[in-house]
Every structure is written in structure tokens, then in C-alpha cells.
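Here the sequence shown stands for residues 39 to 97, where the numbers follow my numbering.
Working notes, beginning with the structure itself.
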Amino acid sequence: MSHIPLYAVAATQAIAKGDLTQLKSLHAEAEKHLQEYGDVATVLQLLKVEIAKAEAAKP
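Next comes the structure, spelled out in C-alpha cells:
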């Protein structure tokens with residue numbers, strides 16, 4: 039399997055194909071990503087809040 043970024047489209051394609059090997063590979067990549075980078079969605083929300091605060095504070 040070639041490298042596909044961990045976006046919804048990659049998961050959707052893997053599910054649609056029903057290829058167990060591809061599903062397991064994508065699952066392993068997602069687990070590795072979480073171990074390396076943590077909960078990116080939560081960090082993204084925190085960044086959005088801080089950006090909004092910084093923009094509101096600008097003169």
C-alpha cells in the first residue's frame with residue numbers, strides 16, 4: 039500500500055474497498071500517529087482558541 043495521509047478520505051476508501059490488509063495497515067498508521075503526535079484534534083481546538091484571543095487583542 040502506498041502512503042496515504044491520515045485524512046477521512048483515506049479511511050473512507052479503505053472501508054469502501056473492504057481490504058482487510060489495507061484496513062489493518064491504516065489502523066496501525068493511525069495508532070502510530072497518535073503515539074507520536076497525541077490528540078491532534080484537541081490541540082487544533084486549543085490553537086483555534088488562542089488564535090481567536092490573539093486576534094481579539096490586536097489593536
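For glycine and all other residues, C-beta sits at the position ideal for the given N, C-alpha and C.
Note that the structure is predicted; figures quoted are calculated from it, not measured.
Buried or exposed: which applies to residue i, given that a residue is buried once 16 or more other Cβ atoms fall within 10 Å of its Cβ?
i: Leu-84; result: exposed
i: Leu-72; result: exposed
i: Leu-64; result: buried
Check the C-beta distance from residue i over to residue j and give it rounded, since I have them as a contact under 8 angstroms.
i: Ala-48; j: Leu-61; result: About 11 angstroms; that fails the 8 angstroms criterion.
Report all residues from its chain with a CB closer than 8 angstroms to the CB of residue i; omit the five preceding and five following residues, and keep chain order.
i: Thr-80; result: none
Identify, in the order they occur along the chain, each residue of the same chain with its Cβ nearer than 7 angstroms to the Cβ of residue i, setting aside the five sequence neighbours on each side.
i: Ala-90; result: none
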